[in-house]
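Engineer:
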Amino acid sequence: MDIKDDWSKIRKHFNKSFSSNLHVSIASLDSESNPTVTPIGSLFLNDDQTGFYFEKFPTKLPLYAKINRNVCILCVNSSRVFWIKSLFWGKFSDYPAIKLYGQLGEKRQATEQEKKRLKKRMKFTNGLKGNAYLWQDMDAVREINFTKADKINLGKMTE
54 MDIKDDWSKI RKHFNKSFSS NLHVSIASLD SESNPTVTPI GSLFLNDDQT
104 GFYFEKFPTK LPLYAKINRN VCILCVNSSR VFWIKSLFWG KFSDYPAIKL
154 YGQLGEKRQA TEQEKKRLKK RMKFTNGLKG NAYLWQDMDA VREINFTKAD
204 KINLGKMTE
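Using my numbering, you'd call the opening residue of the sequence shown number 54 and step up by one each time.
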């Protein structure tokens with residue numbers, strides 16, 4: 054999978070996956086080089102093989118970024134309809150999962166455009182008690198520059 058040529062497909066996959074999972078998993082290395090995973094519900098992909106996430110709740114990932122900026126992000130389409138159809142036909146109609154590799158950038162203040170993107174994504178939770186707690190005061194983002202993408206291979210189902 055070519056990160057530049059397939060970027061629009063990757064972005065479509067991530068949008069579908071967010072509708073079923075509401076998060077991605079970001080793998081990084083801790084201070085002892087042990088792998089660790091952080092769930093992030095606010096990752097956005099831009100048009101140019103970059104992205105960002107709002108860094109309000111992650112506490113360890115920013116510390117690990119000081120040691121090693123390399124990350125791997127896993128995004129799985131967990132839609133039951135997608136999986137049942139695929140199992141019925143014996144083949145996936147689209148990628149079941151994609152891994153993106155990249156490097157974390159610096160933490161910075163979110164732009165108004167980035168805040169609007171978050172507000173639009175979380176619109177369906179307006180009026181719910183947890184909305185204000187989780188999505189209010191999301192002011193800082195961390196950029197990610199992606200360098201490589203891999204689609205997940207599940208044998209005959211992904212041929």
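For each residue, glycine too, the CB sits at the ideal point set by N, CA and C.
Whose CA, out of F71, G180, H66 and S61, lies closest to the CA of D101?
Structural biologist: If we check each option's Cα against that of D101, S61 comes out closest.
Engineer: Cβ of M54 within 8 Å of Cβ of D203?
Structural biologist: Result yes, Cβ atoms of M54 and D203 sit closer than 8 Å.
Engineer: For the alpha helix (DSSP H) that contains K169, what are its first and last residues?
Structural biologist: Unbroken alpha helix (DSSP H) run through K169: E165 to R174.
Engineer: Identify the residues that DSSP records as bridge partners of K113: which are they?
Structural biologist: Paired residues: none, contrary to the question.
Engineer: On the DSSP bridge assignment, give the partners of I63 in chain order.
Structural biologist: I63 pairs with nothing; no bridge assigned.
Engineer: Compute the Euclidean distance between the alpha carbons of Y106 and I93, then round it to the nearest angstrom.
Structural biologist: Looking at the two C-alpha atoms, the distance is approximately 8 Å.
Engineer: Judging by CA-CA distance, which residue of A150, T211 and M175 is the nearest neighbour of R64?
Structural biologist: When each option's Cα is compared against that of R64, the closest is A150.
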